[in-house]
Amino acid sequence: MEHNSQINILESQIRECFGRVVWSHKTQEKCADILNRRNNSIKIWQIVLSAITTTGIMISVFGEQRWIGIITALISASLFALNTYLKKYDIGQIVQKHVDCASNLWNVRESYLSLLADIKTEKLNVDEIIEKRDMLQKELFNIYKGAPRSISRAYDEATKALKSSEELTFTDKEIDIFLPKELRKSI
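Offset between the sequence shown (1-based) and this note's numbering: plus 14.
And the structure:
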């Protein structure tokens, strides 16, 4: 097989892998964001229900209104149920696993991007490309093996972010803003 066509085939495969890692990385980020918001909402509800329960108990003890005691008991039972449910899940820990996974995927994504740049600049031969590709696939396998499952809403948000909002793409002008004048493309 011709040397150039081998490199083209490898480049196509690596581009496909890069695309999948981009999706996975963004999905893990979005999943962490969603679960973090959910965790914060739950914590707020726990605080609110605790405050209402405490206030209701104080009013029941020092007041004459029996119905407040009944409502307080119901709210307290709701808080108990919520806390019992949450005892099984440490949402904060799950969020951290998604953050860690996204961080690891980011590193692989950037390595694929560098590999593609090396291929385009003809810096690597076929054997070197294969070696780097195989190393990245092993690293990716280990990341996916320990990755937490993401939720469908995270995938939907990742799709929107990558396709509509173009969260990973920049114009030359946007990049130039971050660079010193000597490294800018546009003047």
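Cβ atoms here follow ideal geometry from the backbone N, Cα and C, with glycine treated the same way.
(message) According to DSSP, is F32 part of a helix, a strand, or is it coil?
(response) The residue given as residue 32 occupies position 18 in the sequence shown. Reduced to three states, the DSSP call for F32 is helix.
(request) Alpha carbon to alpha carbon, how far is R29 from I143? Give it in angstroms, no decimals. (result) Counting from 1 along the sequence shown, the entry for residue 143 is found at position 129. Counting from 1 along the sequence shown, the entry for residue 29 is found at position 15. In a straight line, the C-alpha of I143 is about 13 angstroms away from that of R29.
(request) Apply the 10 Å Cβ neighbour rule to V122 and answer buried if 16 or more other Cβ atoms are within range, or exposed otherwise. (result) The sequence position of residue 122 within the sequence shown is 108, counting from 1. Classification of V122: buried, given that the 10 Å Cβ count is 16 or more.
(message) Judging by CA-CA distance, which residue of W81, A116, V140, Q110 is the nearest neighbour of I21?
(response) Within the sequence shown, residue 21 is the residue found at index 7, counting from 1. With distances taken between Cα atoms, I21 lies closest to V140.
(message) Check whether chain B comes within 8 angstroms of I191, counting only Cβ atoms and requiring the distance to be less than that.
(response) Structure shown: chain B not included; a single protein chain is present.
(request) Run the CB neighbour count on Q42, radius 10 Å, all protein chains shown included, and call it buried at 16 or more, exposed below. (result) Numbered from 1 along the sequence shown, position 28 holds the residue referred to as residue 42. It counts as buried.
(request) Scan the segment 156-201 and note each continuous alpha helix (DSSP H) run of 4 residues or more that stays entirely inside, going in chain order. (result) 166-173, 186-192
(request) At 4 residues or longer, and completely inside the segment 77-120: list those alpha helix (DSSP H) runs for me, N to C. (result) 80-101
(message) When you compare the CB positions of I48 and R167, do they come within less than 8 angstroms of one another, or not?
(response) In the sequence shown, counting from the first residue as 1, residue 48 sits at position 34. In the sequence shown, counting from the first residue as 1, residue 167 sits at position 153. The beta carbons of I48 and R167 sit closer together than 8 angstroms.
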